[in-house]
Amino acid sequence: MGITILGGINQGLIWALLAIGVFVTFRILDFADLTVEGSFALGGLIAALFINNLSLNPFLATFVAMLAGGAAGLVTGLLNVKLRIPPILSGILTMTALVSINLLVTGGTPSIPVLYAPTVYNWIFPEGMKIFGISANYFSELIMGVVFVAAVVALLYWFFGTELGMSIRATGANEKMSRAQGINTDLTKIYALVISNALVGLSGALFAQQQAGATNTMGQGAIVIGLAAVVIGETLIPARDHFWLKLTGVAIGSIIYRIITSIIFYLGLSTNYIQLISALVVAIALSVPTVKSSVTRYIKRKKNNAAPPDGGTAESAAEQSPSDTSDAEEKENA
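If you want it as structure tokens, here you go:
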């Protein structure tokens, strides 16, 4: 069970980068971007190709995968702002095109292995080393995952405090008002989509190196997993005014989601149900604010119905003497 939880944490850290990318478009920009399903696989395949087939340094290969993911986001942005294609259709078009592009990257094969080539994980501890009876690879993945997530959170916190970052946030909050204030909203949308999908490509590259290979279908359901992490993080850590806490909450949501799924699979549930589990988690998490609001309104309504119409308390109304009641009735009759 300990290894299962540790593995869930490691995967949660990798998918946290994807979830933060989804957060940038879904929450900050208010843009429903489905490109991530293709850019995640693209990042993984590019990294695997450069590491395994071209013997490129794994860190450099990971950076190239980020650029590839950012390029996919650029295409979606151009489709939306230049051709005026709706956001969701822009993402679908790019995602569909990436299916063929990913096949070109693999040379027509379904996957690219990363078996004996060096990765970003296996340089910290010697090969075959164990810590507390557990393979050191788990701890390498943990350390690198924390480093990457912390670096991304810090960089985004700094970036979205700059003039350009604030312009992106303003565009997502009120595009018409932002345009009236002189902000080039077309450019801010493109920047946000590039940043988002670059993070998704980074996540795919790290995932491919952790799994010792990449497939052209590894991005299926990525958007649901990313949304699940975002919603879980916002539900557990409702940070309205602290942007860095929002980003951290998304990462924590990703880790929690992956731990839950890892435990479920450890208990014997088939991996065929992963999409169903993801959908249920998202639906439950999204319904929490609505349910909470309904319960609050119900409690207020009960209190208002219990109070007398003149604003007094129920106890004072009950303590009114019969003579007072009769006097009031006589005055009304008169």
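Each number in the numbering used here comes from the position in the sequence shown (counting from 1) with 1159 added on. The beta carbon of each residue, even a glycine, is placed where N, CA and C say it ideally should be.
Whole-angstrom Cβ separation of residue i and residue j, contact assumed at under 8 Å?
i               : j               : result
methionine 1225 : leucine 1361    : 5 Å
leucine 1177    : leucine 1358    : 7 Å
asparagine 1431 : proline 1269    : The Cβ separation is near 18 Å, so there is no contact.
leucine 1193    : isoleucine 1382 : 6 Å
leucine 1406    : valine 1312     : 5 Å
threonine 1253  : valine 1234     : 5 Å
Are the CB atoms of residue i and residue j nearer to each other than 8 Å?
i                  : j                  : result
valine 1409        : phenylalanine 1190 : no
methionine 1377    : alanine 1230       : no
proline 1217       : threonine 1265     : no
tyrosine 1297      : glycine 1167       : no
valine 1240        : glycine 1197       : no
glycine 1412       : valine 1389        : yes
threonine 1163     : serine 1421        : yes
isoleucine 1349    : leucine 1237       : yes
alanine 1330       : threonine 1321     : Checking the sequence shown, residue 1330 turns out to be threonine, not alanine. No.
serine 1355        : glycine 1180       : yes
isoleucine 1433    : isoleucine 1415    : no
proline 1272       : glycine 1427       : no
isoleucine 1436    : isoleucine 1418    : no
alanine 1206       : threonine 1221     : yes
phenylalanine 1319 : phenylalanine 1209 : no
methionine 1303    : alanine 1295       : no
glycine 1363       : glycine 1203       : yes
glycine 1380       : valine 1195        : no
Exposed or buried, what is residue i when buried is set at 16 or more other beta-carbons lying within 10 Å of its beta-carbon?
i               : result
asparagine 1211 : buried
proline 1285    : exposed
glutamine 1170  : buried
threonine 1472  : Here the model assigns threonine 1472 a pLDDT of 49, short of 50, so the residue's position is not dependable, and the following value carries that caveat. Burial call: exposed.
leucine 1352    : buried
aspartate 1174  : For clarity, residue 1174 is tryptophan in the given sequence; the question names aspartate instead. Buried, because 16 or more other Cβ atoms sit within 10 Å of the Cβ of tryptophan 1174.
arginine 1456   : exposed
glutamine 1368  : buried
leucine 1172    : buried
methionine 1336 : exposed
tyrosine 1280   : buried
proline 1246    : buried
glycine 1267    : exposed
arginine 1243   : exposed
threonine 1347  : buried
serine 1249     : buried
asparagine 1333 : exposed
glycine 1228    : buried
alanine 1276    : buried
proline 1299    : Reading off the sequence shown, one finds serine at residue 1299, where the question assumed proline. Looking at its Cβ environment, which holds 16 or more other Cβ atoms inside 10 Å, serine 1299 is buried.
arginine 1112   : Nothing can be reported for residue 1112: it is not among the residues displayed for the chain, which extend from 1160 to 1493.
leucine 1315    : buried
alanine 1309    : exposed
asparagine 1464 : exposed
alanine 1387    : buried
Per DSSP, residue i is paired with what?
i              : result
threonine 1347 : BP columns for threonine 1347 are empty, so no partner.
**Report entry** Start-end ranges of the beta strand (DSSP E) lying completely within the region 1245-1303, minimum 3 residues
**Finding:** If one requires a minimum length of 3 residues, the beta strand (DSSP E) runs lying completely within the region 1245-1303 are 1270-1272, in chain order.
Report task. Go through the region 1330-1410 residue by residue and report every complete run of the beta strand (DSSP E) that reaches 3 residues or more, in order. Result -> Within the region 1330-1410, the complete beta strand (DSSP E) segments at least 3 residues long are 1372-1374, listed from N- to C-terminus.
Report task. Any chance you could list the alpha helix (DSSP H) runs of at least 4 consecutive residues sitting entirely within the region 1165-1237, in chain order? Result -> Taken in chain order, the unbroken stretches of alpha helix (DSSP H) that lie wholly in the region 1165-1237 and span 4 residues or more are 1195-1207.
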